[in-house]
Amino acid sequence: MKLNKKYLSYDRLYHSGFSLVELMVGLVIGLIASLVIMQVFSAFEGQKRSTSGTADAQTNGSIALHHIQRDVQMAGYGLPMPSADADNTSLNCSPFPVFDHDDNPATPDLDVFPLVIDDAGSADGVSDVVTARFSNTAMGAIPVKIVNATNANAATGLAAENNIGCKDNDIVLISQGPLCRMTRVADANG
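The number in this note's numbering is simply the position in the sequence shown, starting from 1, with 327 added.
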């Protein structure tokens, strides 16, 4: 049996595999495709981070605004009510009384204003300060009449008509006409 060389070389041609040039071209095409895929992925991730960062900032701003709204709505609760005693209202006080509640000059004193906005001036990076004052007492601002004002400077202090709603260390406003003073309750049961 004689072999035909023509068929032998033809079979060898199709079974020989890829040449080095074909492998290098395939490798370059694969690298370019990988580079394009990574660029698209990187751009998408950057956009996603920007979008989620903006959403986080909006969420944080919304929560902060809710807390400010809640405190501003509560401003004035438990402070003296002008309608409770028209003759001895805190609006008649001259000058308005202040009280250093913690004996620390670095902290602001308490006064009778429910909402105060302190201007920080025109300095860069300094924000204005909004202070909302309210009480957490269950009694609100019920006025209590003083029955014996003659011993105000004595060791026993002032005697009140009743002690409903008064607790030790509460800060109270004592007023008679335009004369006002803020102080701390030393002994609500005494």
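From the three backbone atoms N, C-alpha and C, an ideal C-beta is built for every residue, glycine too. Note that the structure is a prediction, hence the values are computed from the model and not measured.
Taking 9 Å as the cut-off, the Cβ atoms of Gly492 and Val471 count as close.
Note: Ala487 is bridge-paired with Ile473 in the DSSP secondary-structure output. Between His393 and Gln400, the alpha-carbon positions lie close to 11 Å from each other. DSSP places Ala459 in the strand class (E or B) of the three-state scheme.
Per DSSP, the unbroken beta strand (DSSP E) holding Leu500 starts and ends at Ile498 to Gln503.
Straight-line spacing of the CA atoms in Gly448 and Gln385 works out to 27 Å. Selection Arg376, Cys507, Asn490 and Gln503 evaluated against Ala515 yields Asn490 as nearest (Cα-Cα). The Cβ atoms of Pro424 and Asp414 do not sit closer than 9 Å to each other.
When only Cα atoms are considered, Gly380 and Val367 end up about 20 Å apart. In the DSSP assignment, the residues bridged to Phe426 are Leu437.
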